[in-house]
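Trainee:
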Ligand SMILES: [Zn+2]
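Residue numbers (our numbering): 25 to 164.
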């Protein structure tokens, strides 16, 4: 799939995230890994060889489903660990990071939603929907 992130919603999220966080990565390659578990060291090395920037267990299938119905989709990902077991110096507990950042994430989300101006949306996400003619299939 290409262009699964709505550029209009992404702009709203980036603008608000820049106000609250020290570093915001605006582009990158995200690998979706099946959970619920952290990736193995071998999987992380494979992803590094594939030039993946971050990996996680979200984005799919919700991004694909949003595209299938022509909905706008964007997301905000918090980097919560540096590849389990790869960096022995990583001392942050994931739950502590989520607890510390939850108020900021909530604020960014609410402000980003408030910043969406339906009159200025130019993305064309609504034209990406997957057309399925169920009636034709059932009549055969
Ligand atoms: Zn859109």
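Just so it is clear, CB atoms sit at the ideal spot from N, CA and C, and this is done for glycine as well.
Note the first and the last residue of the continuous alpha helix (DSSP H) segment covering residue 139.
Mentor: Against the chain shown, residue 139 aligns to sequence position 115. 118-139 is the extent of the alpha helix (DSSP H) around residue 139.
Trainee: Between which two residues does the beta strand (DSSP E) containing residue 78 stretch?
Mentor: Within the chain shown, residue 78 is the residue found at index 54, counting from 1. Element bounds for residue 78: 78-80.
Trainee: First and last residue of the alpha helix (DSSP H) that includes residue 90?
Mentor: The residue labelled residue 90 in the question sits at position 66 within the chain shown. Residue 90 -> alpha helix (DSSP H) spans 86-92.
Trainee: For residue 37, count the other beta carbons within 10 Å of its own beta carbon; 16 or more makes it buried, fewer makes it exposed. Which is it?
Mentor: Taking the chain shown and counting its residues from 1, one reaches residue 37 at position 13. Per the 10 Å Cβ criterion, buried.
Trainee: What number of angstroms, rounded off, separates the C-alpha of residue 112 from the C-alpha of residue 96?
Mentor: Within the chain shown, residue 112 is the residue found at index 88, counting from 1. Within the chain shown, residue 96 is the residue found at index 72, counting from 1. Answer to the nearest angstrom: the Cα atoms are 39 angstroms apart.
Trainee: Going by other Cβ atoms of all chains shown within 10 Å of its Cβ, with 16 needed for buried, is residue 134 buried or exposed?
Mentor: Start at 1 with the first residue of the chain shown, and residue 134 comes out as number 110. Exposed: under 16 other Cβ atoms inside 10 Å.
Trainee: Do residue 139 and residue 40 have their CB atoms nearer than 9 angstroms?
Mentor: Translated into the one-based positions of the chain shown, residue 139 becomes position 115. Translated into the one-based positions of the chain shown, residue 40 becomes position 16. Yes; because the gap between Cβ atoms is below 9 angstroms, this pair is in contact.
Trainee: With a threshold of 7 angstroms on Cβ separation, who are the neighbours of residue 53 within its own chain once the five nearest residues in sequence on each side are excluded?
Mentor: Working through the chain shown from its first residue, we reach residue 53 at position 29. Excluding positions up to five away in sequence, the list reads 75, 76, 77.
Trainee: With a threshold of 8 angstroms, are at least 3 pairs of Cβ atoms found where one atom belongs to the region 83-99 and the other to the region 60-70?
Mentor: The answer is no - the region 60-70 does not touch the region 83-99, with fewer than three Cβ pairs under 8 angstroms.
Trainee: For residue 152, which residues of its own chain have a beta-carbon under 7 angstroms away from its beta-carbon, when the five flanking residues on both sides are left out?
Mentor: In the chain shown, counting from the first residue as 1, residue 152 sits at position 128. Here the set comprises 91, 94.
Trainee: Can you tell me the Cβ-Cβ gap for residue 28 and residue 87, rounded? I've got them flagged as a contact below 8 angstroms.
Mentor: If you number the chain shown from 1, residue 28 lands on position 4. If you number the chain shown from 1, residue 87 lands on position 63. Residue 28 to residue 87, Cβ: 5 angstroms. Contact.
Trainee: Grab the span of the alpha helix (DSSP H) containing residue 19 for me, first residue to last.
Mentor: Residue coverage of the chain in this structure runs from 25 to 164, which leaves residue 19 outside it and unanswerable.
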